[in-house]
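Numbered as in the working numbering, the sequence shown ends at 343 without a single skipped number.
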Amino acid sequence: MNPKVHVSLDVHNVEDSVRFYSTLFGTQPTKLKSGYAKFDLEQPAINLTMQEKKHCCLQGLSHMGIRVDSNEQVLAYRQRLEAAGIPILEEKEVVCCHALQDKIWAEDPSGYRWEVYVFKGDVEEAESTRSAAAEKVCACQ
203 MNPKVHVSLD VHNVEDSVRF YSTLFGTQPT KLKSGYAKFD LEQPAINLTM QEKKHCCLQG
263 LSHMGIRVDS NEQVLAYRQR LEAAGIPILE EKEVVCCHAL QDKIWAEDPS GYRWEVYVFK
323 GDVEEAESTR SAAAEKVCAC Q
């Protein structure tokens, strides 16, 4: 699998959003849970997730990411970002968005959050307990 862009949206209503994106993409979500949906598509090549946020103001864009095939690829991104002086937050064996992942997080100069992650498998729970630093950047809360 080639690296794929990941976009995560905070939405008012997952069911309404699934209807819209199912029509837009011409397919059903690859994962659908209470308050969560994922479209992992080859055409267009995108990993689009959405999580319902009823009790807060929506910012729309939760975060963006790049899904890679291996921890070695995550490490290569980390090394490149750190060499440029960009702070990194690393998470290992973390459950986020109903998936087990290893990942790093970085913010661009405008504060947009990016994750680079390797997907390790589906899980039933939405997320695991996180550190205060991770809470700041993880959008799957």
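All residues carry an ideal CB built from backbone N, CA and C; glycine is no exception.
Predicted model, so just to flag it, every value in this text is computed and none were measured.
How would you call Val207, buried or exposed, if buried means at least 16 neighbouring beta carbons within 10 angstroms? exposed
Whose CA, out of Glu217, Val318, Lys322, Val325, lies closest to the CA of Ala278? Of Glu217, Val318, Lys322, Val325, the residue nearest in Cα terms is Val318.
What is the residue span of the beta strand (DSSP E) that Thr225 lies within? That residue, Thr225, is in no beta strand (DSSP E); its alpha helix (DSSP H) goes 216–227.
Give the DSSP-derived three-state secondary structure of Glu309 in the structure shown. Note: Glu309 maps to strand in three-state DSSP.
In the DSSP assignment, find the unbroken beta strand (DSSP E) run with Tyr238 in it and report its ends. 238–243
Decide yes or no for the touch test of the stretch 225–245 against the stretch 283–290: beta carbon pairs closer than 8 Å, at least 3 of them. no
Less than 8 Å between the CB atoms is what I'm expecting for Val325 and Ala301, so what's the real figure, rounded? 6 Å
Could you tell me the distance, in whole angstroms, from the CA atom of Val213 to the CA atom of Glu284? 32 Å
Through-space distance from Pro231 to Gly267, alpha-carbon basis: 18 Å
Taking Gly323 as the reference, give the member of Glu295, Asn215, Trp307 with the closest Cα. Glu295
Of the residues Lys256, Val220, Val270, which one's Cα is nearest the Cα of Ala247? For Ala247, the closest of Lys256, Val220, Val270 by C-alpha to C-alpha distance is Val270.
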